[in-house]
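In my numbering, the protein residues as written are 14 to 380. Since the structure comes first, as structure tokens, the remarks are kept for the end.
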Ligand code: PEP
Ligand code: MN
């Protein structure tokens, strides 16, 4: 099992979230310098970011300024005293970024999905002391994310962190990329020490919802945020709708509430523990009830087997979905939750019935 240590102290200052900000793309020397100086003036940002090589979904859009932008970031670093970060997507990017003393390299979501790209980046990093942040892959595949982290670690890199930027979707959604918080939470469970940064800009795709997602990330104990800002987002060559002005960024950061990990006084801790005990009891009751429900499902399975009828009864299933969802939503549970909960329960019932009804089949097949 790989172990990754926390690099919060490398990226930021103790006691407050790590903040990485800067334009989506470096566009011109003035744009980088003006944006970065204004961002630095807020006094709330640790690292300046800018995309130099841009992975665009369709050809023909702005694909990044290239290595010349690395010099602009170097100037921004000299002018502000802040660290710098760029995205690298191949071995040559790594070589160029290290040549220009970029402090933090990040691997983009479209590269994390591809083990060949990640391996090429890892090989180029060998022997360096780089700090590397690895964005989640565009698809919700935890193993791919872990695999990318492992490849970088195997190259001898010790300062590694993760960035949660959301996951691709099909169809309408209020998000550009779905947050699917369970994935970063599970990554953190597997690698408890890893520094975890949230990128609300690429999750939201529009400015308006960024504060809400940023706050949610802090409340989920993320270590920091990567937020895009541009001196004039209206003329940005990429991701115009999701970038803040440096002034807006400052306001957003000012309004974030940084809560403590655990209550300080004993009384508060006692109250919290009492409420948690209640939750524990409810969870136990729910589990027992679900197990009982599955036993009944098995009995129904026996019945269906004897009477030779199918497991799936669509009209019954329809009725369950609509009547339970109505009940749940009336009690304040969301429709989305009721849907996934009922689907999970239904699938588990089907599995139990299938076992009862077709138990002998697989044994026969093996014989
Ligand atoms: C970016 O940070 O500008 C970027 C391209 O991000 P992602 O890899 O998350 O799409
Ligand atoms: Mn962007």
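Backbone N, C-alpha and C define an ideal beta-carbon position, used for all residues, glycine too.
Fill in: Bridge partner(s) assigned by DSSP for residue 177
In the DSSP output, where bridge partners are listed per residue, residue 177 has 211.
Worksheet item: Any heavy atom of the ligand MN closer than 7 Å to the CB of residue 252?
Response: Look at residue 252: its beta carbon is less than 7 Å from one of the heavy atoms in the ligand MN.
Fill in: Complete runs of the beta strand (DSSP E) confined to the stretch 87-147 [at least 3 residues]
Those beta strand (DSSP E) runs which fall completely within the stretch 87-147 and span 3+ residues are 96-101 and 117-120.
Worksheet entry | Exposure of residue 223, with buried meaning 16 or more beta-carbon neighbours within 10 Å | Residue burial is scored here from C-beta neighbours: residue 223 has at least 16 other C-beta atoms within 10 angstroms and is therefore classed as buried.
Worksheet item: By DSSP, does residue 15 sit in helix, in strand, or in coil?
Response: When secondary structure is reduced to three states using DSSP, residue 15 falls in the coil class, being assigned neither helix nor strand.
Item to complete: May I have the straight-line CA-CA distance separating residue 83 from residue 146, to the nearest angstrom?
Response: Distance between the alpha carbons of residue 83 and residue 146: 18 Å.
Worksheet item: Nearest-angstrom Cα distance between residue 225 and residue 269?
Response: Near 9 Å, if we compare the C-alpha coordinates of residue 269 and residue 225.
Discussion item. Going by beta-carbon coordinates alone, are residue 30 and residue 237 separated by less than 8 Å?
Written reply: Contact: yes.
Worksheet item: Helix, strand or coil: how does DSSP classify residue 348 here?
Response: Helix at residue 348.
Worksheet item: How would you write the range of the alpha helix (DSSP H) that residue 186 sits in, first residue to last?
Response: Where residue 186 is concerned, there is no enclosing alpha helix (DSSP H), given that its DSSP letter is neither H nor E.
Worksheet item: Is the closest heavy atom of the ligand MN to the C-beta of residue 40 under 7 Å?
Response: Between the ligand MN and the CB of residue 40, the shortest heavy atom gap is not smaller than 7 Å.
Fill in: Close beta carbons around residue 358, own chain, < 8 Å, minus the five adjacent residues each side
Answer for residue 358: 303 and 306, listed in chain order.
Worksheet item: Applying the criterion that 16 or more other CB atoms from any shown protein chain within 10 Å of the CB defines a buried residue, is residue 117 buried or exposed?
Response: Classification of residue 117: buried, given that the 10 Å Cβ count is 16 or more.
Item to complete: For residue 17, count neighbouring Cβ atoms within 10 angstroms of its own Cβ and tell me buried if that reaches 16, exposed if not.
Response: Buried: at least 16 other Cβ atoms inside 10 Å.
Discussion item. Here's the rule: buried if 16 or more other CB atoms are within 10 angstroms of the residue's CB, otherwise exposed. What is residue 315?
Written reply: That one is exposed.
Item to complete: Look at the Cβ atom of residue 362, then the Cβ atom of residue 328, and state whether they are nearer than 8 Å.
Response: No; because the gap between Cβ atoms is not below 8 Å, this pair is not in contact.
Worksheet item: Hey, is residue 100 close to the ligand PEP, as in C-beta under 7 Å from one of its heavy atoms?
Response: Under cutoff, so the answer is yes.
Discussion item. Is any non-hydrogen atom of the ligand MN found closer than 7 Å to the C-beta of residue 215, if you look at the structure I gave you?
Written reply: Residue 215 Cβ: within cutoff of the ligand MN.
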